[in-house]
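Visitor: Sharing a structure, written as C-alpha cells. Questions coming.
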Amino acid sequence: MSTGNGVAPRPGDPPITPELVDEHGLSPDEFAQIQRILGRDPTFTELGVFSAMWSEHCGYKNSKRLLRLLPTQAPWVIQGPGENAGVIDVGEGYALAFKIESHNHPSAVEPYQGAATGIGGILRDVFTMGARPVATLNSLHFGDLDRPRVRYLFGGVVKGIGDYGNCVGIPSTGGEVYFDRGYEENPIVNAMCLGLMRTEDLIRGTAEGVGNTLMAVGARTGRDGIHGATFASEELSEGDDEASRPQVQVGDPFTEKLLLEASLELIASGHIVGIQDMGAAGLTSSGSEMAGRSGTGVEMDVALVPVREDGMTPYEILLSESQERMLVVAAAGREDAVREILEKWELEAATIGSVTASGTFRVLEDGVVVADIPALPLTEGCPTYERPGEEGDEVCALRTMDISSHVEPPAGLRDAFLRVVGSPNVASKQWVYEQYDTTVRANSIERPGGDAGVIRIPGTNRGVAASTDCNGRHTYLNPRAGAMGAVAEAARNVACTGAVPMAITNCLNFGSPLKTHIMHQFRETVLGMRDACAYLETPVTGGNVSFYNETDGKAVYPTPVIGMIGVIGDLDTIVRHAFRDTGDVIFLLGTNTGELGGSEYLYAVHDLVAGEPPGVDLAAERALQRCILAMAAARVLRSAHDVASGGLAATLTESCLGGPRNGGGVGAAVRFEDALPDTALLFGEDQGRVVVSCAPGAVEQLQRLAADYGVPCTRIGTVTGAGSALRIETVSSALRLELDVLRERYFGAIPGIMNEAG
Amino acid sequence: MNVAVITFPGSNCDQDCVRSVELAGGSARYVWHREVSLGDSDAVIVPGGFAHGDYLRPGAIARFSPIMDAVIDFGRGGGLVVGICNGFQVLCEAGLLPGALLRNRSLRFQSHDCFMRVERSDTPYTGDYRVGQVIGMPLSHADGNYYADPDTLAALEAEGRVVFRYCDADGAVTQDANPNGSLNNIAGIANARGNVLGMMPHPDRAIEAVLGSLDGLPLFTSLVGALARAEVA
Chain A
44 MSTGNGVAPR PGDPPITPEL VDEHGLSPDE FAQIQRILGR DPTFTELGVF SAMWSEHCGY
104 KNSKRLLRLL PTQAPWVIQG PGENAGVIDV GEGYALAFKI ESHNHPSAVE PYQGAATGIG
164 GILRDVFTMG ARPVATLNSL HFGDLDRPRV RYLFGGVVKG IGDYGNCVGI PSTGGEVYFD
224 RGYEENPIVN AMCLGLMRTE DLIRGTAEGV GNTLMAVGAR TGRDGIHGAT FASEELSEGD
284 DEASRPQVQV GDPFTEKLLL EASLELIASG HIVGIQDMGA AGLTSSGSEM AGRSGTGVEM
344 DVALVPVRED GMTPYEILLS ESQERMLVVA AAGREDAVRE ILEKWELEAA TIGSVTASGT
404 FRVLEDGVVV ADIPALPLTE GCPTYERPGE EGDEVCALRT MDISSHVEPP AGLRDAFLRV
464 VGSPNVASKQ WVYEQYDTTV RANSIERPGG DAGVIRIPGT NRGVAASTDC NGRHTYLNPR
524 AGAMGAVAEA ARNVACTGAV PMAITNCLNF GSPLKTHIMH QFRETVLGMR DACAYLETPV
584 TGGNVSFYNE TDGKAVYPTP VIGMIGVIGD LDTIVRHAFR DTGDVIFLLG TNTGELGGSE
644 YLYAVHDLVA GEPPGVDLAA ERALQRCILA MAAARVLRSA HDVASGGLAA TLTESCLGGP
704 RNGGGVGAAV RFEDALPDTA LLFGEDQGRV VVSCAPGAVE QLQRLAADYG VPCTRIGTVT
764 GAGSALRIET VSSALRLELD VLRERYFGAI PGIMNEAG
Chain B
793 MNVAVITFPG SNCDQDCVRS VELAGGSARY VWHREVSLGD SDAVIVPGGF AHGDYLRPGA
853 IARFSPIMDA VIDFGRGGGL VVGICNGFQV LCEAGLLPGA LLRNRSLRFQ SHDCFMRVER
913 SDTPYTGDYR VGQVIGMPLS HADGNYYADP DTLAALEAEG RVVFRYCDAD GAVTQDANPN
973 GSLNNIAGIA NARGNVLGMM PHPDRAIEAV LGSLDGLPLF TSLVGALARA EVA
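Sequences listed follow chains A and B, in order.
Converting from the first sequence to this note's numbering requires adding 43 to each position, the first position being numbered 1.
Converting from the second sequence to this note's numbering requires adding 792 to each position, the first position being numbered 1.
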C-alpha cells in the first residue's frame, strides 16, 4: 500500500512534537505505530485523525479484547456489533434496529444540550440503517436530589431529551432514572433508540463501488465539538465546565427531523449505496469507517464541505462534531436525484469526493493532499490493551461489611416502608416521562411506568418490548453479580409484559480504565454479562463503552446499562403490572431469600451502600421467565410485576397503585410465611421473583404451569378492590398502608423535590 | 370524498390522521406544505407536530407555508378544517380561529391522558358524541394554554363555540382537571360558522382499543359522516 503521495506539512500547522502527540492522547508507542503505518511522520491533520480514531471512544482500545468475550450470535440476529446499530428479525418480515449510546461527558458540562444531542446521535445511528425510529428509552443516573447542582443536571437533561425527541416525533416508551451519591459529579445519560424496517430495506454504512460519489448532507460544519471523541476519553476536573463547553455540540431537532425523513426517502429511492452519521469524530470516522468496512478507499476535498465560518482548517473540518450531518455515498450519476430529495426537505447536499480503490482515507484541501492514511489500520488497527485489574480496597470493605446490625428499622417497619416507597429511586418517574411525548405515532401499547415499554409493529398485532436496567449499587459492590442481575432484570421486565427476550444492546459506563480497580470492575462486568446473555439467549448486538466518568479521581459506580429487546407475537396477550379486579388471587413466583446487600432500604433508611448484593441463579431465572411467558400466552395472568429495587414493598405498592392517572388504585391483602426478618422480606432485592395475579378460576392452571416449569409458586393473597388499602402480614408483623398515603409518597416524591426546591 | 392532511416538514402526526380517517371509513391523502392548491379535497386536517420546528412560536412560520392561503380560503368559504394540537396553533396563527395557545401553566411539556367534556354535538366533528359525554385521550404539548381577550372569550361562550372542555373523570370542570391553564378549561373551539375546529388533545391517538382509548374515533366518523351527507345532498 502506498501512502503519502505528495503529503507535506501544511503551512501554518504546528510541528509534530512529543508534547503535541501527548496532548492528542497518544502514547509514544502508539505514535511509533502511526509512523510505521504511514512510513513517515504524520502531518498535523493526520495526527488529529489518528487521535480521534484511536481514542477510547472510537477505538475501544481498553475494552475491545474483553468485549470479544460477549456472545453476539443467534439465528434471529441480522446485524451484530460493528455497524451503526444492531439488527434483529422481529417477525412478519420486519427487522428492528436498536442501539444505546452514552452522552455522559457533554451532559455533565451542559445538561440540556448534552442530553439533547445524545438523542440526536442515537436516532441517526438507527435511521441510517434504513429503519424508522419508533421509540426511545433513556437510562439516567444522577447524584442525590438534595443537591442543587444535581437538580440542575436532572432538570436540564430531562428537558433536553424531551425538547429534542418531542420535536422529532419519536415516542419515549420507558427507561430508568436512578439517584445515588455515586453519580454526584458525573451523571450517566444513556439514550436508546428502536427503529423498524422491512427486512429487505436494511442498508449499511459502507462506501462501495469505486467512482461513487461522497456527499455531505444536512447541517453545515462548524467549529463545535472539535475533538469531542477525545474529550469523552478523558477525566473531568473541577473548572472543566467552562473550558469544555466548546466541545459540547448544540442540537437542532428540526434539522434532525428533516434528515430523518430525507434519509429514509433516499434509502427507499435506491439512489444511494451507503449512509452514515457524522457522529463522534465527524467526517473522519464516517469517511474512514465506510471505506474500512467496504475494503475501498475514499478521497475528499475539505474545501468542498459546506462550512459555517471562514478560515476552518482541514484539521477542524475533519474533526468537527457539528450535529445533524450525514455522509452519503451516492451511486455515480444519481447525484442530482439525491440532491432533489434533499432539497424537498430543505437540506443542503454537497459533493465532496468519491470512492476510490486506493484503500486509503485521502483528504485534500483545494487539491493539495493534507492526509493520506490506510483506512483499515486507521479504523481497525487501534492498539488494544488488556490492563490488569484488582478489586479496590474500599469496595471490598463495603462488600464484606457485616450489615446485620442495620436490619432493624430505626423508626419502625411502617416508617421504613414509606421511606423506601418514597425514595426517588423507587418513587414514580411520572415527573420525568410526562415531559416526553409517549403517544405520538399512535403505536404505544404500554407506556412508561410499567415493567417495559411496548410498541406495536404498524400494520400487525405484534409488539416490541424494551427495557433498560442497571442497579449501579449492585454493580458497584459486586460487578459480576450486578451485571448478571442487570441482564436478568431487563429480561424479566420484558418477559413480564409477555414478550420473549431476544437480544441486548449495552452501554458500559465506567471510570478510568488505567486504574486497576476500574479495570477489575470492567472485566467482572463483562464476564457477568457474558454468562447471563449466553444463558438467557439474548446476544449482544452492539453498544457503547464510556470510560473516564470521573471527576477529580472519583469514578462513578460501574454502570453497565442493559437495553433489552423482546418480541410479543400477539398483543392480545400483553400483561400489565397493575392489579385489576377485586378477588383476583396474588402469587409470588420465585423464592424470598431476604438479601439486603446494596439495597434501597439500606440506602434510604440507613444511608448505607454495603453488603453482598443479590446473586443470580441463571437456571432459576430462565425457568421463571419461560414460565411467565407460558402463563401470558395461555392468558392466565391479570398482572405481572417484577421484584427489584425496593423489594416486595415497591412491587406490591406499584401493582396496587397502577399508573399516575389511574385514579385511586386497588387494595390488596397479602401474607408471607417466610422465616425472615421483616425488613429482609419486604425490602430484600433477591433476584428471580415476580408477583402475579390471576382470576380465581385460573388458580389451578397457574399453579400447574408453575409446576411444569419447576418454578416455586406461593399463593400470598388477594386483590381487595378500590378504596381499600395494601395490607401485609408477616410471621411477626402486620401493616396497613392506606392507598392515599402510598399515592402521596409514590407519586409525590419527585415532583415535591423538584417543584419546591426549584 | 377526500380529506387532505397537510404535511409540513416537521409534521409528526400526519400519518396518524390519515389512519384515523381511514379507520373511520373515509379516505385521506397527504398534501405537501409547498403545494398551493387543495385540489378536490372535501375537508382539511392540519395535524400535530412541530411544523417548522416551532421556532419563533408554534405555528408562526407554518402560517406562511404556500398551502396555507388555500387552507384559509377553504375555511373562510365554509370548508371543513380541523387542527389538532400543532394544527390548532397553526389555525390560530392563520386567523381561522380566535385566541392563542400560550405556554402551559407548568412551563413544561406535558404528555399524558386527559378527560374532556363534549359541549356540542351539532358540529360536523361531534355528531357521533353526546352533549355532556366525558371522553379520554392523550394530550402532548408545551403550548396548550388557551387564551383569548375577555370580549372574544365572552363571545365564544355566548355563541356556544367551546366544543370540548377539560374535566375530571366524572365530567366536573375544575381547575384540578385543567392540565395547562386554559381559560374556562377550553380544550377545543369552533369558528363562528362552525366549520373550523381546533383542539389540543389528540383524537388521532385514541382510535383503537389496543391504544387504551377509542374516544377519538367518533370525531373522525362524525367528519366522514358529514362529508358523506354533503355528497348525497
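Think of the CB as a built atom: it goes at the ideal place given N, C-alpha and C, for glycine as much as any other residue.
Only a predicted model underlies this, so the values are computations on that prediction, with no experimental measurement involved.
Is it true that the region 603-618 of chain A meets the region 499-509 of chain A, where meeting means three or more beta-carbon pairs spaced less than 8 Å apart?
Guide: yes
Visitor: Might you give, ordered along the chain, the residues of its own chain that have their beta carbon closer than 6 Å to the beta carbon of Gly-702 (chain A), omitting 5 neighbours on each side?
Guide: Counting only Cβ-Cβ distances below 6 Å, and skipping sequence neighbours, we find Gly-492.
Visitor: Compare the C-alpha of Met-240 (chain A) against each of A:Thr-559, A:Glu-308, A:Leu-441 and A:Ala-138 and name the closest.
Guide: Nearest to Met-240 (chain A) by C-alpha distance, out of A:Thr-559, A:Glu-308, A:Leu-441 and A:Ala-138, is A:Ala-138.
Visitor: Three Cβ pairs or more, each shorter than 8 Å: is that satisfied between the region 1002-1011 of chain B and the region 893-903 of chain B?
Guide: no
Visitor: Does Gly-218 (chain A) come out as helix, strand or coil in the three-state DSSP assignment?
Guide: In this structure, DSSP gives Gly-218 (chain A) an extended state, which the three-state scheme calls strand.
Visitor: Flag Glu-219 (chain A) as yes if its beta-carbon sits less than 8 Å from any beta-carbon of chain B, otherwise no.
Guide: no
Visitor: Starting from Ile-77 (chain A), follow the alpha helix (DSSP H) in both directions and report where the run begins and ends.
Guide: 71-81
Visitor: Looking only at C-alpha atoms, which of A:Gly-82, A:Met-607, A:Trp-474 and A:Asp-624 sits nearest to Ile-547 (chain A)?
Guide: A:Met-607
Visitor: Could you check where the alpha helix (DSSP H) with Gly-702 (chain A) kicks off and where it finishes?
Guide: Gly-702 (chain A) -> no alpha helix (DSSP H), and no H or E assigned at all.
Visitor: When you compare only the Cα positions, how much space is there between Thr-518 (chain A) and His-184 (chain A)?
Guide: 13 Å
Visitor: Checking contacts by CB at 8 Å: is Gly-435 (chain A) closer than that to chain B?
Guide: Answer no: the Cβ-Cβ gap between Gly-435 (chain A) and chain B never drops below 8 Å.
Visitor: Measuring alpha carbon to alpha carbon, tell me which residue in A:Thr-216, A:Gly-225, A:Asn-229 and A:Val-211 is nearest Val-200 (chain A).
Guide: A:Asn-229
Visitor: Should Arg-288 (chain A) go down as buried or exposed, given a rule of 16 or more other Cβ atoms within 10 Å for buried?
Guide: The pLDDT assigned to Arg-288 (chain A) is 49, lower than 50, so where the model puts this residue is not dependable; a value taken from the coordinates is nonetheless given after this. Counting Cβ neighbours within 10 Å, Arg-288 (chain A) comes out exposed, since fewer than 16 surround it.
Visitor: Do Asn-794 (chain B) and Ser-829 (chain B) have their beta-carbon atoms positioned less than 8 Å apart in this structure?
Guide: no
Visitor: I'd like to confirm the pairing. Which residues does DSSP put opposite Arg-821 (chain B) in its beta bridges?
Guide: B:Ala-796
Visitor: When Cβ atoms are compared, which residues of the region 801-834 of chain B fall closer than 9 Å to chain A?
Guide: Pro-801, Gly-802, Ser-803, Asn-804, Cys-805, Gln-807, Asp-808, Arg-811, Ser-812, Trp-824 and Arg-826
Visitor: Please list the partners that Ser-932 (chain B) has in chain A, where partner means a Cβ-to-Cβ separation under 7 Å.
Guide: Asp-480, Thr-482 and Val-483
Visitor: Of the residues A:Gly-731, A:Asn-587, A:Ile-561 and A:Pro-720, which one's Cα is nearest the Cα of Ala-533 (chain A)?
Guide: A:Gly-731
Visitor: Please classify Gly-585 (chain A): is it buried, with 16 or more other beta-carbons within 10 angstroms of its beta-carbon, or exposed?
Guide: So Gly-585 (chain A) ends up on the buried side.
Visitor: What does Trp-388 (chain A) touch in chain B if you count any residue whose Cβ is under 7 Å from its own?
Guide: Pro-801
Visitor: Check whether the region 620-636 of chain A touches the region 574-592 of chain A, counting contact only when three or more Cβ pairs, one atom from each stretch, lie closer than 8 Å.
Guide: With a cut-off of 8 Å, the region 574-592 of chain A and the region 620-636 of chain A do not count as touching, because too few Cβ pairs lie within range.
Visitor: Out of curiosity, what's the CA-to-CA distance linking Pro-431 (chain A) and Leu-551 (chain A)?
Guide: 18 Å
Visitor: So if DSSP puts Ser-808 (chain A) in a beta bridge, which residue, or which two residues, is it bridged to?
Guide: In the structure displayed, chain A extends from 44 to 801; residue 808 (chain A) sits before or after that span and is not available.
Visitor: Can you tell me where the alpha helix (DSSP H) with Gln-902 (chain B) in it begins and where it stops?
Guide: That residue, Gln-902 (chain B), is in no alpha helix (DSSP H); its beta strand (DSSP E) goes 902-910.
Visitor: Taking the Cβ atom as the reference point for each residue, do Gly-871 (chain B) and Asn-983 (chain B) lie within a distance shorter than 8 Å?
Guide: no
Visitor: Could you name the residues that DSSP lists as bridge partners for Glu-489 (chain A)?
Guide: Its beta-bridge partners are A:Val-497.
Visitor: Using a Cβ-Cβ cut-off of 6 Å (strictly less than) and excluding sequence neighbours within five positions of Ala-675 (chain A), which residues of its own chain qualify?
Guide: Gly-541, Thr-616 and Val-618
Visitor: Just to confirm the assignment: which complete alpha helix (DSSP H) runs, minimum length 4, are found wholly within the region 663-701 of chain A?
Guide: 690-700
Visitor: Excluding the 5 residues flanking Thr-171 (chain A) on each side, which residues of the same chain have their C-beta closer than 6 Å to its C-beta?
Guide: Only Asn-127, Ile-318, Gln-319 and Asp-320 meet the Cβ criterion.
Visitor: Quick check for students: name the residue ranges of the beta strand (DSSP E) that lie wholly in the region 449-493 of chain A, counting only runs of 3 or more.
Guide: Note on the region 449-493 of chain A: whole beta strand (DSSP E) runs with a minimum of 3 residues are 487-489, in chain order.
Visitor: Using the C-alpha atoms, what's the distance from Ile-59 (chain A) back to Tyr-358 (chain A)?
Guide: 14 Å
Visitor: On the three-state DSSP scale, how would you describe Phe-185 (chain A)?
Guide: It is a strand residue.
Visitor: Run through chain B and tell me which residues come within less than 7 Å of Glu-728 (chain A), C-beta to C-beta.
Guide: Near Glu-728 (chain A) there are no residues of chain B at all, since even the closest Cβ is about 30 Å away, more than 7 Å.
Visitor: Per DSSP, which one or two residues make a beta bridge with Ser-397 (chain A)?
Guide: A:Thr-256 and A:Glu-342
Visitor: Inspect the beta-carbon positions of Leu-301 (chain A) and Trp-388 (chain A) and report whether they are closer than 8 Å.
Guide: In this structure, Trp-388 (chain A) lies closer than 8 Å to Leu-301 (chain A) by Cβ.
Visitor: Could you give the distance in angstroms between the alpha-carbon of Ala-663 (chain A) and the alpha-carbon of Val-686 (chain A)?
Guide: The alpha-carbon atoms of Ala-663 (chain A) and Val-686 (chain A) are separated by roughly 15 Å.
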